[in-house]
Structures are given as C-alpha cells and as structure tokens.
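**Student:** Handing you this structure, nothing more for now.
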Amino acid sequence: MPTEIRFDPKLGGKELWGTTTVAIECKDGVVLATDTRVVAGYYMVAHKHGKKVYKIDDHLAITISGGVADAQAIVDFLRVQARLHRMTRGFPLQVHSSASLVSNVLFNNRTMPLAVQLILAGLDRYGARIYQIDPFGGVTRERFVSTGSGSPVAIGYLEAVVKDTMTVEEAIPLSIQAINVAMKRNTATGNDFDISTITEKGYVELSAAEKEAYLPSAGGS
Numbered sequence: 009m010p011t012e013i014r015f016d017p018k019l020g021g022k023e024l025w026g027t028t029t030v031a032i033e034c035k036d037g038v039v040l041a042t043d044t045r046v047v048a049g050y051y052m053v054a055h056k057h058g059k060k061v062y063k064i065d066d067h068l069a070i071t072i073s074g075g076v077a078d079a080q081a082i083v084d085f086l087r088v089q090a091r092l093h094r095m096t097r098g099f100p101l102q103v104h105s106s107a108s109l110v111s112n113v114l115f116n117n118r119t120m121p122l123a124v125q126l127i128l129a130g131l132d133r134y135g136a137r138i139y140q141i142d143p144f145g146g147v148t149r150e151r152f153v154s155t156g157s158g159s160p161v162a163i164g165y166l167e168a169v170v171k172d173t174m175t176v177e178e179a180i181p182l183s184i185q186a187i188n189v190a191m192k193r194n195t196a197t198g199n200d201f202d203i204s205t206i207t208e209k210g211y212v213e214l215s216a217a218e219k220e221a222y223l224p225s226a227g228g229s
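Quick note: the sequence shown uses our numbering, first residue 9, plus one each step.
In structure tokens, the structure reads:
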C-alpha cells in the first residue's frame with residue numbers, strides 16, 4: 009500500500025520531491041492517476057510507494073506534486089474545511105469552492121510560496137470538475153491535466169487520446185498509459201502507479217488486482 013510521506017529528517021533534511029500526476033474529466037466522473045516514486049534532492053529515490061492522491065471527501069480528491077510537506081499541509085487544511093462545511097451547512101463543499109479555498113491560502117503565501125502544484129477534482133451537482141492550482145494560487149479549469157516533473161511527457165500523450173465524451177471506464181487505461189510513458193522518460197517518476205475514481209458511487213481507489221486487470225488495455229505488460 010502507498011504510504012503517506014512527509015518531511016523525513018533521516019534523509020539529511022532534504023525536501024522530498026518528484027512525481028507525475030494525471031486527471032481526466034469524464035461525462036460520469038473523474039479519473040486520477042499518479043506514480044509512487046518520491047525523490048530527495050535530485051538523484052536519491054527516497055520512497056518507492058509514496059501516496060500522491062488523497063481523498064478529501066466522498067466527492068472530492070486532490071493530487072500533489074512538488075514539495076511533499078507543503079502539499080500535505082494543504083491536504084490537511086482542505087480536509088478540515090470539507091468536514092466543517094458538511095457539519096455547518098449540511099451538504100458537501102462544491103469542487104469550485106474547494107479550489108478557491110486552496111487558491112486563497114497559496115495567494116496569501118505568495119511572498120514565500122509553497123512549492124506545490126495541485127490537481128483538485130471531484131463531482132458535484134454541477135458535474136465533474138478538474139482544477140489545476142499553481143504555487144501562487146492561480147486556478148485553471150481543465151478537461152484533462154498533468155502535473156509534476158513527468159508532466160510534459162504525460163500531457164503530450166493525453167492530448168492525442170482524450171476525447172470529450174469519455175466515460176470513467178474508458179479513461180482509466182489512458183491515465184495508466186500516461187503515467188507509464190512518463191516513467192520511461194522521467195527519472196523522478198517510477199516504481200508503481202495508483203488510480204482513483206470519483207463517480208456517483210463516491211471516491212474509490214483501485215486495488216492491486218483491479219489495476220492489474222487494466223494493464224492489457226493500457227498497453228502495459
């Protein structure tokens with residue numbers, strides 16, 4: 009199982025970096041995919057099974073790339089806000105509102121920016137939504153997106169294969185292949201991959217067996 013990785017003093021105080029993350033908006037939900045390699049500095053593989061996609065609520069998730077400690081501070085903040093919203097309002101936080109909350113935090117820290125690039129994705133009454141958020145709080149709505157050191161490779165693949173009317177089931181193999189091509193060309197991307205989906209059934213992380221079943225259709229071995 010992937011492990012939640014934070015700043016690790018055993019690595020000489022080096023910040024933990026490195027990733028490729030992918031999100032695809034579908035007509036019935038969203039698909040999120042990440043690799044699991046975490047690097048320290050530029051060359052050292054610090055962890056082989058780092059977790060990079062996090063459930064925020066049943067309808068909402070976030071992927072992280074950049075500095076792990078900074079990104080996970082944002083994850084903790086957003087989880088609290090989502091719980092508070094459910095408790096005080098009686099209904100879930102909208103995806104766009106979640107992106108605005110994260111944007112405000114990053115913008116207010118712009119003089120000492122957090123080293124993160126995030127994908128916030130979910131499904132609410134307005135449908136499936138994906139937002140990319142940069143270190144200064146800039147937010148863009150995307151149909152599909154990739155972040156991290158391997159993103160130039162992954163996004164090129166996605167540009168060629170993603171269609172407007174895809175289902176979650178159709179998008180899963182494409183997200184796996186996007187991570188696979190990044191692994192081949194980016195040293196900070198590697199080891200394994202994780203897949204999560206958000207549909208009307210809620211947030212689901214694919215098991216090892218489920219991921220294995222998609223490999224033939226994703227062009228994997």
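We put the beta carbon where it would ideally sit given N, CA and C, even for glycine. Note that the structure is a prediction, hence the values are computed from the model and not measured.
Report the option in A221, A217, E218, S204 whose CA atom is closest to the CA atom of I64.
**Tutor:** Taking the sequence shown and counting its residues from 1, the one referred to as residue 64 is at position 56. The candidate whose alpha carbon is nearest that of I64 is S204.
**Student:** Can you name, in chain order, every residue of its own chain whose Cβ lies under 7 Å from the Cβ of T207, other than the five neighbours on each side?
**Tutor:** Taking the first residue of the sequence shown as 1, we reach residue 207 at position 199. Same-chain partners within the cutoff: D36, G37, L131, V176.
**Student:** How is Y139 classed by DSSP in three states: helix, strand or coil?
**Tutor:** Numbered from its first residue, the sequence shown carries residue 139 at position 131. Of the three classes helix, strand and coil, the one that applies to Y139 here is strand, per DSSP.
**Student:** Going residue by residue through the segment 21-62, where are the continuous beta strand (DSSP E) segments of at least 3 residues, counting only ones entirely within it?
**Tutor:** Within the segment 21-62, the complete beta strand (DSSP E) runs of at least 3 residues are 28-34, 37-43, 46-48, 52-55.
**Student:** Hey, quick one: how far does the alpha helix (DSSP H) through Q185 stretch, first residue to last?
**Tutor:** Locating residue 185 in the sequence shown gives position 177, counting from the first residue. 176-193 is the extent of the alpha helix (DSSP H) around Q185.
**Student:** What are the start and end residues of the alpha helix (DSSP H) that includes L214?
**Tutor:** Within the sequence shown, residue 214 is the residue found at index 206, counting from 1. Segment: none, L214 is in no alpha helix (DSSP H) and carries neither H nor E.
**Student:** Taking C-beta to C-beta, are V153 and R193 nearer than 7 Å?
**Tutor:** The residue labelled residue 153 in the question sits at position 145 within the sequence shown. The residue labelled residue 193 in the question sits at position 185 within the sequence shown. Not a contact, by the Cβ cut-off of 7 Å.
**Student:** Identify which residue in G156, R149, V212 has its Cα closest to the Cα of I180.
**Tutor:** Translated into the one-based positions of the sequence shown, residue 180 becomes position 172. I180 has its Cα closest to that of V212, out of G156, R149, V212.
**Student:** My assumption, with CB atoms under 8 Å, is that S111 sits in contact with T28. Please give the rounded CB distance.
**Tutor:** Here residue 111 refers to the residue found at position 103 of the sequence shown. Here residue 28 refers to the residue found at position 20 of the sequence shown. Going by Cβ atoms, the distance from S111 to T28 rounds to 23 Å, so no, they are not a contact pair.
**Student:** Mind checking whether S183 and I32 have CB atoms under 7 Å apart?
**Tutor:** Taking the sequence shown and counting its residues from 1, the one referred to as residue 183 is at position 175. Taking the sequence shown and counting its residues from 1, the one referred to as residue 32 is at position 24. For S183 and I32, yes; Cβs fall inside 7 Å.
**Student:** Identify whether G130 lies in helix, strand or coil by the three-state DSSP scheme.
**Tutor:** For the purposes of this step, residue 130 is taken as residue 122 along the sequence shown, with counting starting at 1. Strand, per DSSP.
**Student:** Please name the residue, chosen from F115, P143, A168, that lies closest to Q185 on a Cα-to-Cα basis.
**Tutor:** Start at 1 with the first residue of the sequence shown, and residue 185 comes out as number 177. The residue with the shortest Cα to Cα distance from Q185 is A168.
**Student:** Using beta-carbon positions only, say whether L86 and H93 come within less than 7 Å of one another.
**Tutor:** Numbered from 1 along the sequence shown, position 78 holds the residue referred to as residue 86. Numbered from 1 along the sequence shown, position 85 holds the residue referred to as residue 93. Contact flag unset, no.
**Student:** Skipping 5 residues on each side, what residues in its chain have a beta carbon closer than 6 Å to that of V39?
**Tutor:** What you label residue 39 is simply residue 31 of the sequence shown in a count that begins at 1. For V39, where only same-chain residues beyond five positions count, the Cβ hits under 6 Å are I32, V176, A179, I180, S183, T205.
**Student:** On the CB-based measure, 16 or more other CB atoms within 10 Å of its CB, does Y134 come out buried or exposed?
**Tutor:** Looking up residue 134 in the sequence shown gives position 126. Its Cβ having fewer than 16 others within 10 Å, Y134 is exposed.
**Student:** Going by DSSP in three states, V170 sits in which element: helix, strand or coil?
**Tutor:** In the sequence shown, counting from the first residue as 1, residue 170 sits at position 162. Here V170 sits in coil by DSSP.
**Student:** Pull up the DSSP beta-bridge partners for S108, would you.
**Tutor:** As a position in the sequence shown, residue 108 is number 100, starting the count at 1. Paired residue(s): none; S108 is not in a bridge.
**Student:** Run through DSSP, which three-state label would D66 get?
**Tutor:** Position 58 of the sequence shown, counted from the first residue, corresponds to residue 66. Note: D66 maps to coil in three-state DSSP.
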